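Peer 1:
Numbering (UniProt numbering), first residue to last: 1 to 622.
1) Taking C-alpha atoms, which residue in 184, 201, 200 and 126 lies nearest to residue 164?
2) Check whether the Cβ atoms of residue 200 and residue 223 sit closer than 8 Å, and answer yes or no.
3) Count the other CB atoms, across all protein chains shown, that sit within 10 Å of the CB of residue 428; report buried if there are 16 or more and exposed otherwise.
4) Quick check on the burial criterion: 16 or more other C-beta atoms within 10 angstroms. Buried or exposed for residue 67?
5) Within 10 angstroms of the Cβ of residue 407, are there 16 or more other Cβ atoms? Answer buried if so, exposed if not.
6) By alpha-carbon positions, which one of 442, 510 and 577 ends up nearest to residue 158?
7) Would you mind sorting residue 604 into buried or exposed? The rule is 16 or more other CB atoms within 10 Å of its CB.
8) CB-CB under 6 Å to residue 219, same chain, minus the five flanking residues each way: which ones, in chain order?
9) At 4 residues or longer, what runs of the alpha helix (DSSP H) sit wholly inside the stretch 68-112?
10) Over the uninterrupted beta strand (DSSP E) stretch that includes residue 191, give me the two end residues.
11) With H, G and I counted as helix, E and B as strand and the rest as coil, what does DSSP make of residue 453?
12) Might you give, ordered along the chain, the residues of its own chain that have their beta carbon closer than 8 Å to the beta carbon of residue 509, omitting 5 neighbours on each side?
13) Within the continuous alpha helix (DSSP H) that includes residue 627, where are the two ends?
14) Who pairs with residue 378 in a beta bridge, going by DSSP?
15) Under DSSP, the beta strand (DSSP E) around residue 340 begins and ends at which residues?
16) Buried or exposed for residue 527, going by 16 or more other Cβ atoms inside 10 Å?
17) Return the chain-ordered list of same chain residues with a C-beta closer than 8 Å to the C-beta of residue 609, the five sequence neighbours on each side being excluded.
18) Who pairs with residue 482 in a beta bridge, going by DSSP?
19) Taking Cβ to Cβ, would you say residue 351 is nearer than 8 Å to residue 310?
20) In terms of DSSP beta bridges, what is residue 384 paired with?
21) Residue 362 lies in the alpha helix (DSSP H); which residues open and close that run?
22) So is residue 375 buried or exposed if we call it buried at 16+ other beta carbons inside 10 Å?
23) For residue 213, which three-state DSSP category applies?
24) Quick one: grab the DSSP three-state call for residue 219.
25) If you reduce the DSSP assignment to three classes, tell me which class residue 568 lands in.
26) Confirm, please, whether the CB-CB distance from residue 493 to residue 271 is below 8 Å.
27) Helix, strand or coil for residue 324, going by three-state DSSP, please let me know.
28) By a C-beta neighbour count over all protein chains shown, 10 Å radius and 16 as the cutoff for buried, is residue 9 buried or exposed?
29) Mark residue 209 as exposed unless 16 or more other C-beta atoms lie within 10 angstroms of its C-beta, in which case mark it buried.
30) How would you label residue 543, buried or exposed, when you count the other beta carbons within 10 angstroms and need 16 or more for buried?
31) Under 8 Å by Cβ, that's how I've got residue 448 and residue 385 pegged, so tell me the actual separation to the nearest angstrom.
32) Relative to the C-alpha of residue 102, which candidate in 77, 327 and 446 has its C-alpha closest?
33) Once the 5 residues before and after residue 613 are set aside, which same chain residues still bring their CB inside 7 Å of it?
34) Along the chain, where does the beta strand (DSSP E) that runs through residue 371 open and close?
35) Please name the residue, chosen from 265, 250 and 237, that lies closest to residue 257 on a Cα-to-Cα basis.
36) Within the continuous beta strand (DSSP E) that includes residue 264, where are the two ends?
As structure tokens, then:
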């Protein structure tokens with residue numbers, strides 16, 4: 001993520017007031033003037049002077065752009081601030097500069113708390129980031145500038161985490177077949193660092209392999225790679241050792257590389273926002289860059305596949321909620337309150353709900369209905385490999401926790417396994433004490449410990465619904481929201497198609513989507529496909545085949561499920577789900593055999609088939 005501007009033709013030189021008013025049409029900046037313990041004494045000119053001094057001294061820029069100054073001023077005034085900026089507009093500076101400025105403000109006596117005690121520190125700034133790659137890139141950039149910073153994430157060893165925590169306490173840190181030949185020609189004609197975006201992990205690996213065979217310097221990047229592999233790819237690309245990265249959406253956030261010359265979308269983006277964010281990474285050094293997108297109707301199926309796969313049937317959702325609400329509490333918190341433990345992987349498989357929508361369902365139960373609250377998860381399964389000193393140590397260690405571990409762990413060929421929950425019940429020892437002992441062994445090198453089978457834990461906040469009718473009320477509300485979300489996702493994808501095939505300058509269409517205009521009032525950019533050709537991109541008409549009833553019958557013959565029409569439609573359309581995988585239907589000839597049909601048409605036909613077998617789609621619970 002660039003610390004300063006994008007130098008993108010679409011967003012550079014946009015008037016700050018225009019940007020702010022445009023943003024208010026979609027998401028209004030929010031300033032919550034709640035008094036904070038360290039409330040700043042408002043001295044706007046002094047704050048601006050200090051912020052600009054830091055901007056010049058630490059980052060080498062002469063002045064702020066867009067609404068950076070306003071956002072920083074609000075933060076320094078002690079206001080809770082929400083800032084929504086376009087890609088490349090400089091969001092990072094909005095928290096990096098205040099992090100540095102607080103100490104200078106305190107030193108200058110410009111805070112209320114400073115007047116109370118001169119010994120109090122300026123504290124630290126915590127940035128919560130969605131991606132490890134983003135954190136790494138920003139920390140590296142800050143450290144290169146001599147600004148103390150650290151990244152605390154799940155890849156750090158126990159010793160590394162302890163070192164960082166100690167430093168914090170010590171205040172050390174502040175058309176499909178035609179696409180590939182066209183891609184090869186583009187890469188031949190356009191030099192420089194290049195990002196190629198695809199949709200799936202399999203596509204990323206396959207396309208990178210094909211480009212490598214064509215003697216291109218290329219690597220792939222997706223969420224399924226190990227942290228080490230992802231770090232190596234990112235570092236190689238940043239250093240110029242790899243020219244091309246073929247990546248899913250997982251790559252790009254936090255990449256502060258100014259000289260990216262080319263951005264290619266091998267598949268169509270899912271939303272206009274996603275597309276805008278990705279192309280905004282090109283040409284941040286102000287030099288000409290090129291963006292190309294391959295639009296092919298054959299690829300639309302994949303996008304619809306992702307959308308349609310996230311909505312469970314109403315019956316599946318009802319069954320899932322009954323499983324959650326009628327789940328017997330497994331423990332109590334020390335301060336009181338029942339706790340339920342859920343294995344989300346097992347829950348999703350049992351009720352045919354994908355991981356992402358399942359997480360949203362549980363979050364909605366927590367945030368909207370206020371019935372439960374997520375607390376620290378735990379692992380159900382532990383394994384450890386004994387080191388050279390393990391046997392001798394456990395013979396000397398007379399603690400009850402060590403005895404419980406030694407007496408109840410099961411030895412395999414190489415690894416010991418232990419069910420901590422079962423051992424705690426058998427021995428009367430606290431689960432936390434047994435786990436603490438295992439971690440102690442691991443930290444001192446006596447064993448190598450690994451955990452699996454994560455259990456999500458939830459504190460029960462209110463009396464949970466206990467009858468099918470009570471649960472059905474929540475089911476109806478949740479399912480209606482999920483249906484709306486599916487409809488909205490399809491509309492947002494259609495907005496991408498409409499924008500790309502519009503009868504006007506592409507850059508103008510993109511900026512107007514966000515409520516803005518091209519710089520200097522220009523009517524068109526002069527270099528997009530529409531401007532160069534003088535006519536829009538025209539897709540072949542969408543085929544609307546009549547439903548192949550023989551295909552419907554083939555699927556009904558291959559699968560005896562009659563309680564879920566959507567499940568059958570997924571099989572026909574080629575959408576994977578936990579239940580599809582469990583029944584191994586994705587390995588049959590009927591899986592995806594009707595992907596050329598409209599999903600809604602398939603759903604109607606399978607609803608009729610299920611109704612004839614006794615299924616009632618309008619049944620009410622209780």
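Beta carbons are placed, not taken as given, at the ideal position from N, Cα and C, and that holds for glycine. This structure is a prediction, so every number in the text was calculated from the model and none was measured.
Peer 2: Checking against the coordinates, here is how it stands:
1) Sequence index remark: in the chain shown, residue 164 carries index 164 (1-based). The option with the nearest alpha carbon to residue 164 is 126.
2) Against the chain shown, residue 200 aligns to sequence position 200. Against the chain shown, residue 223 aligns to sequence position 223. Not closer than 8 Å, so no.
3) If you number the chain shown from 1, residue 428 lands on position 428. Residue 428 comes out exposed.
4) Your numbering for residue 67 matches position 67 in the chain shown. That one is buried.
5) What you label residue 407 is simply residue 407 of the chain shown in a count that begins at 1. That one is exposed.
6) Indexing the chain shown from 1 puts residue 158 at position 158. Out of 442, 510 and 577, 442 has the C-alpha closest to the C-alpha of residue 158.
7) Looking up residue 604 in the chain shown gives position 604. Exposed.
8) On the chain shown, position 219 is the one that residue 219 refers to. Excluding positions up to five away in sequence, the list reads 233, 242 and 245.
9) Unbroken alpha helix (DSSP H) runs of no fewer than 4 residues, entirely contained in the stretch 68-112, are found at 68-76 and 93-107, following chain order.
10) One-based indexing of the chain shown puts residue 191 at position 191. Here residue 191 belongs to no beta strand (DSSP E), and DSSP marks it neither H nor E.
11) Your numbering for residue 453 matches position 453 in the chain shown. Taken through DSSP and simplified to helix, strand or coil, residue 453 comes out as strand.
12) Residue numbering aside, residue 509 sits at position 509 when the chain shown is read from its first letter. If we look at residue 509 and ignore the five residues flanking it on each side, its Cβ neighbours are 499 and 502.
13) Because the chain in this structure spans residues 1 to 622, residue 627 falls outside the shown range and cannot be described.
14) Locating residue 378 in the chain shown gives position 378, where the first residue counts as 1. Looking at the DSSP assignment, residue 378 forms a beta bridge with 455.
15) Against the chain shown, residue 340 aligns to sequence position 340. Counting along the chain, the beta strand (DSSP E) containing residue 340 begins and ends at 338-342.
16) For the purposes of this step, residue 527 is identified with residue 527 of the chain shown, where counting begins at 1. Exposed, because fewer than 16 other Cβ atoms sit within 10 Å of the Cβ of residue 527.
17) Taking the chain shown and counting its residues from 1, one reaches residue 609 at position 609. Excluding residues within five positions, the ones whose Cβ falls inside 8 Å are 552, 556, 562, 565 and 568.
18) Here residue 482 refers to the residue found at position 482 of the chain shown. According to DSSP, which records beta bridges pairwise, residue 482 is partnered with nothing at all.
19) Working through the chain shown from its first residue, we reach residue 351 at position 351. Working through the chain shown from its first residue, we reach residue 310 at position 310. No, Cβ-Cβ distance for residue 351 and residue 310 is not below 8 Å.
20) Counted from its first residue, the chain shown places residue 384 at position 384. Answer is 416 and 449, bridged to residue 384.
21) The sequence position of residue 362 within the chain shown is 362, counting from 1. It spans 355-367 - the alpha helix (DSSP H) in which residue 362 sits, taken as one unbroken run.
22) Stepping through the chain shown from its first residue, residue 375 is reached at position 375. That one is exposed.
23) As a position in the chain shown, residue 213 is number 213, starting the count at 1. Looking at residue 213 - three-state DSSP - the assignment turns out to be helix.
24) Along the chain shown, one-based indexing puts residue 219 at 219. Strand.
25) For the purposes of this step, residue 568 is taken as residue 568 along the chain shown, with counting starting at 1. Judged by DSSP in its simplified three-state form, residue 568 adopts helix.
26) The residue given as residue 271 occupies position 271 in the chain shown. The residue given as residue 493 occupies position 493 in the chain shown. Contact flag set, yes.
27) The residue given as residue 324 occupies position 324 in the chain shown. Helix at residue 324.
28) The residue given as residue 9 occupies position 9 in the chain shown. At residue 9, the pLDDT of 35 sits below 50, so the modelled position is not reliable; the number obtained from the coordinates is stated separately. Counting Cβ neighbours within 10 Å, residue 9 comes out buried, since at least 16 surround it.
29) Position 209 of the chain shown, counting from 1, holds the residue named residue 209. Under this definition residue 209 is an exposed residue.
30) Position 543 of the chain shown, counted from the start, is the residue given in the question as residue 543. Exposed, since its Cβ has fewer than 16 Cβ neighbours within 10 Å.
31) Taking the first residue of the chain shown as 1, we reach residue 448 at position 448. Taking the first residue of the chain shown as 1, we reach residue 385 at position 385. With a Cβ gap of about 4 Å, residue 448 and residue 385 count as contacting.
32) On the chain shown, residue 102 is found 102 positions in, with the first residue counted as 1. Here the closest residue by C-alpha is 77.
33) Position 613 of the chain shown, counted from the start, is the residue given in the question as residue 613. In the same chain as residue 613, and ignoring 5 residues on each side of it, the C-beta atoms closer than 7 Å to its own belong to 562, in chain order.
34) One-based indexing of the chain shown puts residue 371 at position 371. Counting along the chain, residue 371 falls outside any beta strand (DSSP E), and DSSP gives it neither H nor E.
35) Along the chain shown, read from residue 1 onward, the residue named residue 257 stands at position 257. Of 265, 250 and 237, the smallest CA-CA separation from residue 257 is found for 237.
36) Counted from its first residue, the chain shown places residue 264 at position 264. Counting along the chain, the unbroken beta strand (DSSP E) around residue 264 starts and ends at 262-265.
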